[in-house]
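Shown next, in C-alpha cells, is the structure this report addresses.
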Amino acid sequence: MEITELTVHELKEKLKNKELTIEKINKAYIDRINEKEEDVQAFITKLTEQGLESAKKQEWNGELAGIPIGIKDNICTNGIKTTCASKMLENFVSPYDATVIEKINSQGMINLGKLNMDEFAMGGSTEYSYFKKTKNPWDLSRVPGGSSGGSAAAVAANMVPWALGTDTGGSIRQPASFCGVVGLKPTYGLVSRFGVVAFASSLDQVGTFTKDVEDCAILLNVIAGKDEKDTTSVDVGNKDYTKALQKDVKGLKIGVPKEFYGEGINLEVKESLEKAIEKYKEMGAEIEEFSLDIAKYALATYYIIACAEASSNLGRFDGIRYTYRSKNAKTLKEIYKKSRSEGFGAEVKRRIILGTYVLSSGYYDAYYKKAQQVRTLVMNQFNKAFEKYDVIITPTSPTVAFKIGEKSNNPMEMYLADICTVSVNIAGLPGISIPCGVDSQGLPVGMQIIGNRFEEEKILKAAYAYEQETKFREKYKPQFRE
Ligand code: GLN
825 MEITELTVHE LKEKLKNKEL TIEKINKAYI DRINEKEEDV QAFITKLTEQ GLESAKKQEW
885 NGELAGIPIG IKDNICTNGI KTTCASKMLE NFVSPYDATV IEKINSQGMI NLGKLNMDEF
945 AMGGSTEYSY FKKTKNPWDL SRVPGGSSGG SAAAVAANMV PWALGTDTGG SIRQPASFCG
1005 VVGLKPTYGL VSRFGVVAFA SSLDQVGTFT KDVEDCAILL NVIAGKDEKD TTSVDVGNKD
1065 YTKALQKDVK GLKIGVPKEF YGEGINLEVK ESLEKAIEKY KEMGAEIEEF SLDIAKYALA
1125 TYYIIACAEA SSNLGRFDGI RYTYRSKNAK TLKEIYKKSR SEGFGAEVKR RIILGTYVLS
1185 SGYYDAYYKK AQQVRTLVMN QFNKAFEKYD VIITPTSPTV AFKIGEKSNN PMEMYLADIC
1245 TVSVNIAGLP GISIPCGVDS QGLPVGMQII GNRFEEEKIL KAAYAYEQET KFREKYKPQF
1305 RE
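Numbering-wise (the working numbering), the sequence shown opens with residue 825 and increments by one.
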C-alpha cells in the first residue's frame, strides 16, 4: 500500500516499528500534492517546502510528531496567510495562531498547507472561493461540497492524511459526505474558536476531516478542550475519545426522524441510508422511527441567524485595518464603500444585506426574534428525542456531489444542500458524517449520526461499529474521473 493511503493510526504504527520515518512520510505526501493539485485545486497556500524542512528536523515522540495536516484557510496561522478565500483578505498574515493551531503545533504536527473554501465559509460547494474551484476527487466535473471543500478533497485525494475545517451549518459534514471521508462537527463549545475568522459566532465550530473514525477520535483528542481565550468553550474534563471506539452496538437506541427521508431526498441516497439502518439492526441496535417536524423550519431559521451574525462579524472588514483597500477611494466614506464593494464576492454581500435587513428596527421582531424563538423549539425537540435515543441517524445531504456550475447561480438551490445539517448547528449538537455506500454513478453517500450535547463518544461508537462492519475504504476509492 502507498504511504499516502495509510491512516494516521497506521502511520504511527509504522513509525513505531521504524518501517517509516517522518521525512519519508512527508516526502510522500508532498509528492502526492505535486502530482494531484493540478487536478484537484485544494490548496490556497502550499507549505510543502517549509514542511519538508521541519520534517527533516522533527523527531518522533511516540505520539503525533511529524504527522502532516492541512488547515482550512479561515483558521489563523502565525506568519502564514489566512485569506478566507476572499479578495478582502488576499494578503492578510495573522500575527498569532488560533488555539487549535497551537495545539496542533504543540504535538509537532506539520502543516502542509492552507485549504480552499467558500469565501468566509459561506456556501456549499467551494465555488464561491475568490481564488479557485476545488474539484471532487471522485469525479473532477463535480464539486467537493462546501464550505470546507478544500479540506475534504485534500483528504479524499490523499494529499494530507487529515485536515481541520469549520462547520456553521454543515460545512464539514456535507463536503465529507460528497468526498467519501469522515467529518466531525463537535458540540458547540467543545473546541476553541479563538483565532478562527468568525462567520456566525453562535453556530461556528472547528472540526475534523479524517480517513476513518479512529483518526477522528485521535484528532478530536488534540483539539478539544476549554480555552481561556474563548468564553463559550466548555470544560468537560480530560477525555480520551479513542476509548469510545467499540464494535458493539447491541442495545444502542437509534432514532430515525421520518422528515429526513421524504420529499427532496434523492431516492438512491434514501436507499443507501435504509440499507445502513438495516445493518445496524442486524448488529443488534434498536431502531425507532419518530417525528422531528420542527426541522422543516430549521433552514429558514438558520439563514436568518447566520446572516444576522455574519453582517455584524464582517463589519470589521472596513478597508482601514488589515484588509483590502480600494485604490479608487478618495474620501473616508469611499474607503469603506469601495473597499467592501470590491473586496467581497456576491454571496458574502447577499448575506450582509440580508443580515442587516433582519436586524433593522421594524424587522427585528418579525425575523430575527422569531428565528431565535424557533431555535429554542428546535433545541426542545432534540432534547426530547435524546430522552429516548442515544443517537439520531439521517442522510448528511439530500444528494450526492453535484456538477460544478449546477447550483452556483441559484442561491436557494445551494441553501437546500444544507437541509439535513443545519438543525444540528442550531441546537449546538455534535454530528458526524461517514460514508455509507455509493450511488449508481459510483459517488459516495454520507450518513449523518447526531448525538446529544457533549456525547461525542456515542456518535463515535456508532460510527466506528458501522465502519468496521462495512469497510467502505477497502471497497471504494476516488477515481479522479474527468
Ligand atoms: N452551506 C452553509 C452556508 O452557506 C453552511 C456554511 C458553513 O457551515 N460554514 O451557510
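All C-beta atoms, glycine included, are put in the ideal place defined by N, C-alpha and C.
Distance cut-off 7 Å: residue i Cβ against heavy atoms of ligand 1
{"i": "Ser975", "result": "no"}
{"i": "Gly1169", "result": "no"}
{"i": "Ser995", "result": "yes"}
{"i": "Ser971", "result": "yes"}
{"i": "Thr992", "result": "yes"}
{"i": "Phe1023", "result": "yes"}
{"i": "Asp897", "result": "no"}
{"i": "Ala1124", "result": "no"}
{"i": "Ala769", "result": "The shown model of the chain, from 825 to 1306, leaves out residue 769, and the question about it has no answer."}
{"i": "Ala1190", "result": "no"}
{"i": "Asp1051", "result": "no"}
{"i": "Gly1179", "result": "no"}
{"i": "Ala1130", "result": "yes"}
{"i": "Gly948", "result": "yes"}
{"i": "Asp1242", "result": "yes"}
Alpha-carbon spacing of residue i relative to residue j, whole angstroms
{"i": "Ala1241", "j": "Lys840", "result": "43 Å"}
{"i": "Glu837", "j": "Ser1001", "result": "28 Å"}
{"i": "Tyr1290", "j": "Lys1071", "result": "8 Å"}
{"i": "Ser1247", "j": "Ile1216", "result": "12 Å"}
{"i": "Thr1155", "j": "Asp1039", "result": "53 Å"}
{"i": "Cys908", "j": "Asn898", "result": "5 Å"}
{"i": "Thr828", "j": "Met933", "result": "16 Å"}
{"i": "Val1080", "j": "Ile1111", "result": "7 Å"}
{"i": "Ser1150", "j": "Gly1139", "result": "16 Å"}
{"i": "Lys1299", "j": "Tyr952", "result": "32 Å"}
{"i": "Gly974", "j": "Ala1286", "result": "27 Å"}
{"i": "Val967", "j": "Glu1106", "result": "34 Å"}
{"i": "Tyr1239", "j": "Glu859", "result": "33 Å"}
{"i": "Ser1185", "j": "Leu936", "result": "47 Å"}
{"i": "Ile1101", "j": "Pro1010", "result": "23 Å"}
{"i": "Ala1195", "j": "Ile1250", "result": "10 Å"}
{"i": "Lys1161", "j": "Pro1254", "result": "39 Å"}
{"i": "Ser1025", "j": "Ser1163", "result": "24 Å"}
{"i": "Tyr1148", "j": "Val1172", "result": "15 Å"}
{"i": "Asn960", "j": "Val864", "result": "7 Å"}
{"i": "Ile928", "j": "Tyr1187", "result": "43 Å"}
{"i": "Val832", "j": "Gln874", "result": "21 Å"}
{"i": "Trp986", "j": "Lys1212", "result": "34 Å"}
{"i": "Gly894", "j": "Ala978", "result": "8 Å"}
{"i": "Ser965", "j": "Arg1305", "result": "8 Å"}
Residue i - partner residues in DSSP beta bridges
{"i": "Glu1112", "result": "Gly1079"}
{"i": "Ala1100", "result": "The partner list for Ala1100 (beta bridge, DSSP) is empty, contrary to what the question assumes."}
{"i": "Ile1258", "result": "Met1271"}
{"i": "Gln1029", "result": "Asp991"}
{"i": "Lys1151", "result": "DSSP, once it has assigned bridges, lists no residue as partnering Lys1151."}
{"i": "Leu1008", "result": "Thr1032, Ile1256"}
{"i": "Arg1305", "result": "Asp963"}
{"i": "Pro894", "result": "Inspection of the sequence shows that residue 894 is occupied by Gly rather than by Pro. Paired residue(s): Gly937, Ala987."}
{"i": "Ala1048", "result": "Val1015"}
{"i": "Thr901", "result": "Ile904"}
{"i": "Lys848", "result": "Lys848 is not bridged to any residue."}
{"i": "Phe867", "result": "Leu939"}
{"i": "Pro1219", "result": "Met1271"}
Counted within 10 angstroms of its Cβ, other Cβ atoms place residue i as buried (16 or more) or exposed
{"i": "Asn1234", "result": "exposed"}
{"i": "Pro919", "result": "exposed"}
{"i": "Gly1049", "result": "buried"}
{"i": "Asp1328", "result": "Because the chain spans 825 through 1306 in this model, residue 1328 falls outside it and cannot be assessed."}
{"i": "Thr901", "result": "buried"}
{"i": "Lys1303", "result": "Before going further, note that residue 1303 is Gln rather than Lys in the sequence given. Exposed, since its Cβ has fewer than 16 Cβ neighbours within 10 Å."}
{"i": "Asp963", "result": "buried"}
{"i": "Met941", "result": "buried"}
{"i": "Gln1265", "result": "exposed"}
{"i": "Arg1145", "result": "exposed"}
{"i": "Glu1237", "result": "exposed"}
{"i": "Lys1227", "result": "exposed"}
{"i": "Asn982", "result": "buried"}
{"i": "Glu1083", "result": "buried"}
{"i": "Ser1232", "result": "buried"}
{"i": "Ser930", "result": "exposed"}
{"i": "Tyr1104", "result": "buried"}
{"i": "Ile857", "result": "buried"}
{"i": "Gly1086", "result": "exposed"}
{"i": "Lys1282", "result": "buried"}
Cβ-heavy atom distance, residue i to ligand 3, below 7 Å
{"i": "Lys1208", "result": "Questions concerning ligand 3 fall outside what the structure shown contains, since the ligands it does hold are ligand 1."}
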